[in-house]
Amino acid sequence: MKKITGYAKENRKKLTPAEKQLKKLLLKWHIKFRTQRMMDFYIVDFLIPERWLIVEVDGEYHNNPKQRNYDKRRNIYLREKGFTVLRFWNKKVFEQPELIKQSILNILPKPAPKKWQDLYGKAAY
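Using the numbering used here, you'd call the opening residue of the sequence shown number 10 and step up by one each time.
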């Protein structure tokens with residue numbers, strides 16, 4: 010688990026161009042978020058706690074059968090934990106930011122637990 014946590018911290022320093030763009034957009038839209046957060050044994054690209062929302066930005070790596078199957082299982086697991094999972098291709102982040110904004114805003118806010126760490130440790134803050 011320590012290895013994965015370290016990997017998540019390292020990922021925060023090395024966002025992909027599409028992740029950097031989405032981060033800029035979320036800041037512009039005043040949407041509170043966390044990047045590269047541990048959720049049990051998965052690292053998610055963006056966690057939007059007040060909406061119980063996870064946003065993933067996918068590059069070509071996610072376009073092969075093995076990775077698609079892994080992503081599908083991961084989405085199911087996170088949804089079973091109560092999260093909505095949105096996935097966008099890198100290209101869409103740059104070409105259709107308003108679509109992404111509307112997709113995020115269409116997810117109604119939900120009350121989050123008083124202490125996220127009760128569910129996902131300090132890394133979820």
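A virtual CB, placed ideally from N, CA and C, is assigned to each residue, including glycine.
In whole angstroms, what separates the C-alpha of residue i from that of residue j?
i, j, result
"Met35", "Pro106", "Checking the displayed sequence, the identity of residue 35 turns out to be Leu instead of Met. Rounded to whole angstroms, Leu35 to Pro106 spans 10 Å at the Cα level."
"Ile113", "Val53", "16 Å"
"Gln76", "Val66", "14 Å"
"Val102", "Leu95", "12 Å"
"Ile85", "Lys29", "26 Å"
Where does residue i sit, in a helix, a strand or coil, going by DSSP?
i, result
"Leu62", "strand"
"Asp49", "coil"
Please confirm whether residue i and residue j have their CB atoms less than 8 Å apart.
i, j, result
"Phe42", "Leu24", "no"
"Phe92", "Ile109", "no"
"Leu62", "Ile116", "yes"
Quick one, which of the options has its alpha-carbon nearest residue i's?
i, options, result
"Arg88", "Glu69, His71 and Val64", "Val64"
"Trp118", "Pro58, Tyr79, Gln45 and Arg46", "At residue 118 the sequence reads Pro, which differs from the Trp that was named. With distances taken between Cα atoms, Pro118 lies closest to Pro58."
"Glu69", "Asp49, Lys90, Lys100 and Thr44", "Lys100"
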